[in-house]
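Read the structure below first, then the notes.
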Amino acid sequence: MPRQPHDEGALDADGAILAFDDVSMRYGRAPETLKDLNFSLAPGSFHFLTGASGAGKSSLLKLIYLAAKPSKGLMHLFGQDVSAVPVKEQPMLRRRIGVVFQEFRLLDHMSAFDNVALPLRIAGRKPDSYRQDVAELLAWVGLRSRMHAMPATLAGGEKQRLAIARAVVNRPDILLADEPTGNVDHEMGLRILRLFVELNRLGTTVLIATHDQDLVARSGKPVLHLEDGRLTALGPVGGGL
Amino acid sequence: MTDFDPVRWKPAAFLPEADARDGSLIFVVATLCFLACLTALTVLATDRAARGWSDQLTGQATVIVRAKGAETPDSAAARAAEALSGLPGVGEVRALEKEKAEALIAPWLGDTADLDDLPVPRLVAVDLDPKAPATPQSLDKALKAQGLDAVVDDHSIWLKDIQRAAGFARWVGVAVFALIAAAAGAVVAFATRAGLTARHEVVEVLHLAGAENDFIARLFQMRFARMAALAGLFGAGGAAIMGAILRLMGGGQGLTPVLPIAWTDLLAVLPCPVAVGLVAAVAARLTAQSLIAKMT
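Sequence lines, in order, name chains A and B.
When the count follows the working numbering, it moves up by one through the first sequence with no breaks and lands on 241 for the last residue.
When the count follows the working numbering, it moves up by one through the second sequence with no breaks and lands on 1296 for the last residue.
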């Protein structure tokens, strides 16, 4: 449940999959990009993260997927204080987080099937244990006929659905998406949103950073709004998907 | 529908098999390895030549014989050769013919000079036992005992200069080799860093997918070590072929007596692929670790 800054008593991270406690972040010596963030996400929740360009949405996601460190405050992920997690153990935490980017970040030398199988291979799973799972997942995102295709031959919407498949193949506890509909048309944006909603119904905690107010309004999901690095508005908006 | 069969699927390599940038990296590394190996061969040949010059000078002495009274120069030279033969520390002794003695002074007097009227001394070449050479004093004593007017030249005047020049040539060669090898190592490291930095997006994806830092570093380490070793093989192979051609063209003495290349010298190129592979592996590992560190 999102919390207001300095909400006494709500800082208890018990039960929260993610909890920020007075977290700030800066790049090098630059001014703080994120300032005194206090919120937590319950397991299985679905939130949008909104804000103008430069408000700090991507930086907040970076903190969560462990690509950056807080310059101040405490961040708890899966009940662990992230600052106390040894570097060697961080990959294990990352495997519990799926990330989808606006620019897809697919590996161009690998087929669609290989891209989706990548996290499972990295986790040390044997191919025979996941072949069918990967095939089914690709079918689920509508890429049944494109399993062998190389990313360069895929359309923008196909690339994004492939990126989503890769992000969720490991059954992550949290799914983060940074402007996932930024490079696709409106219809494809809605289709992608439905995938996120379905994943959320299966128990995955979802946090989507977006500019797309229409998408947010259609979903009816709660919003974390960032303004100049501060969390300024919370709560559901609009109807429901 | 597709004919893709997941059951027959084989996992792709984590890193791209080939990249347009690999060609230039292999070319640069191969060229530097070629130059380093060629320098190593030159150093070995120079060292052999320098040792040859020293051995030649220390293993020989020259006796200058002047005829006295009615004795002919030929007779005086023959007597000197006979006096020295059989002495302890002396090997073969040869009295040089008149023509050879005159040929030695021709550069100063000219080919047309009538040398018959000049008292041209005769030369006796003495090969000394390399293990226990006879001293100039013992040679001189033996010549005096036969009443000969002779001077023994043990080349000591030249030997010091030749040895100094040979030593200098040897060290210059080693220094040039060290410089080229260091430059090759630096370029390999730099090119490896550049190649890996250009693939940072692969590092990022693997990192985000939960790959351990060591796993990523090892992937790049193996990849660049293999690529550099292959380039080293090309460079070393090219240098070995060049060395073999020089050896074949010049026979036993190589292309020139100044650079006498032996077949065994070609073995010197063998460590090159391994060494350059190790340099690339270390450079790739350090670069990958630094890239990963920037991501967290």
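Built from N, CA and C at the ideal position, the CB exists for glycine as well.
Check                                                                                                                                                                                        : Outcome
Would you mind sorting B/E1212 into buried or exposed? The rule is 16 or more other CB atoms within 10 Å of its CB.                                                                          : buried
What residue range is occupied by the uninterrupted beta strand (DSSP E) comprising A/L107?                                                                                                  : That residue, A/L107, is in no beta strand (DSSP E); it is neither H nor E in DSSP.
Which of helix, strand or coil does DSSP assign to B/V1203?                                                                                                                                  : helix
With a threshold of 6 Å on Cβ separation, who are the neighbours of B/M1001 within its own chain once the five nearest residues in sequence on each side are excluded?                       : Note that B/M1001 scores 49 on pLDDT, short of 50, meaning its location in the model is unreliable and no value can be drawn from it.
Chain A beta carbons: is any one of them nearer than 8 Å to that of B/V1203?                                                                                                                 : no
For the alpha helix (DSSP H) that A/D214 lies in, which residues bound it at each end?                                                                                                       : Q213 to S219
Looking at A/A165: is its Cβ nearer than 8 Å to the Cβ of A/L137?                                                                                                                            : yes
Here's the rule: buried if 16 or more other CB atoms are within 10 angstroms of the residue's CB, otherwise exposed. What is B/I1245?                                                        : exposed
Going by DSSP in three states, A/M150 sits in which element: helix, strand or coil?                                                                                                          : coil
So, do the region 1170-1186 of chain B and the region 1088-1105 of chain B have three or more beta carbon pairs nearer to each other than 8 Å?                                               : no
Against chain A, which members of the region 1184-1211 of chain B pass a CB distance test of less than 8 Å?                                                                                  : E1201, V1202, E1204, V1205, L1206, H1207, L1208, A1209, G1210 and A1211
Determine the DSSP secondary structure at B/I1261, reduced to helix, strand or coil.                                                                                                         : coil
Excluding the 5 residues flanking A/A167 on each side, which residues of the same chain have their C-beta closer than 7 Å to its C-beta?                                                     : G98, V99, V100 and L175
Skipping 5 residues on each side, what residues in its chain have a beta carbon closer than 7 Å to that of B/C1033?                                                                          : A1184, A1231, G1232, G1235, A1236, C1272 and V1276
In angstroms with no decimal places, state the Cα-to-Cα distance between B/R1122 and B/I1064.                                                                                                : 6 Å
State the Cα-Cα distance for the pair B/A1293 and A/P151, rounded to the nearest angstrom.                                                                                                   : 28 Å
Let me know if A/G239 comes out buried or exposed under the rule of 16 or more other beta-carbons within 10 Å of its beta-carbon.                                                            : Model confidence at A/G239 stands at a pLDDT of 43, short of 50, so the residue's coordinates are unreliable and nothing is read from them.
Identify, in the order they occur along the chain, each residue of the same chain with its Cβ nearer than 7 Å to the Cβ of B/P1088, setting aside the five sequence neighbours on each side. : A1134
Which residue from A/R29, A/G44 and A/V23 puts its Cα closest to that of A/I17?                                                                                                              : A/G44
Count the other CB atoms, across all protein chains shown, that sit within 10 Å of the CB of B/V1172; report buried if there are 16 or more and exposed otherwise.                           : exposed
8 Å is my cut-off, CB to CB: does B/F1034 come that close to chain A?                                                                                                                        : no
Listing by chain order, which chain B residues have their CB less than 9 Å from the CB of A/Q132?                                                                                            : P1006 and V1007
Between which two residues does the alpha helix (DSSP H) holding B/Q1060 run?                                                                                                                : Not the alpha helix (DSSP H): B/Q1060 falls in the beta strand (DSSP E), residues Q1060 to R1066.
According to DSSP, simplified to helix, strand and coil, what is A/I184?                                                                                                                     : Rather than Ile, the amino acid found at residue 184 of chain A in this sequence is Val. A/V184 falls in the coil class under three-state DSSP.
Take the Cβ of B/W1263 as the centre, count every other Cβ of all protein chains shown within 10 Å, and call the residue buried at 16 or more, exposed below.                                : exposed
Since A/P91 is in the alpha helix (DSSP H), which residue starts that stretch and which ends it?                                                                                             : Q90 to R94
Note down, in chain order, every chain B residue with its Cβ under 7 Å from the Cβ of A/S219.                                                                                                : Going along chain B, no residue has its Cβ under 7 Å from A/S219, so there is no contact; the nearest lies around 25 Å.
Using a Cβ cut-off of 9 Å, which residues of the region 39-72 of chain A contact any Cβ in chain B, in chain order?                                                                          : Y65, L66, A67, A68 and K69
When you compare the CB of B/A1012 with every CB in chain A, is at least one pair closer than 8 Å?                                                                                           : yes
Taking the CB atoms as reference points, tell me whether A/A55 and A/D228 lie closer together than 8 Å.                                                                                      : yes
What separation, rounded to the nearest whole angstrom, lies between the Cα atoms of A/V237 and A/L77?                                                                                       : Note on A/V237: pLDDT 46, under 50, position unreliable in the model; the coordinate value appears next. Approximately 26 Å between the Cα atoms of the pair.
Counting along the chain, where does the beta strand (DSSP E) carrying A/G51 start and finish?                                                                                               : F46 to G51
Where DSSP assigns a beta bridge to B/V1151, which residues make up the other side?                                                                                                          : B/I1064
In whole angstroms, give me the CA-to-CA distance for B/Q1060 and B/S1024.                                                                                                                   : 54 Å
Here's a check: name, in chain order, each residue in its chain whose Cβ is nearer than 7 Å to the Cβ of A/D12, leaving out the five neighbours to either side.                              : With a pLDDT of 41 at A/D12, under the threshold of 50, the modelled position of this residue cannot be trusted, and the question is left open.
Listing by chain order, which chain A residues have their CB less than 7 Å from the CB of B/P1016?                                                                                           : H109
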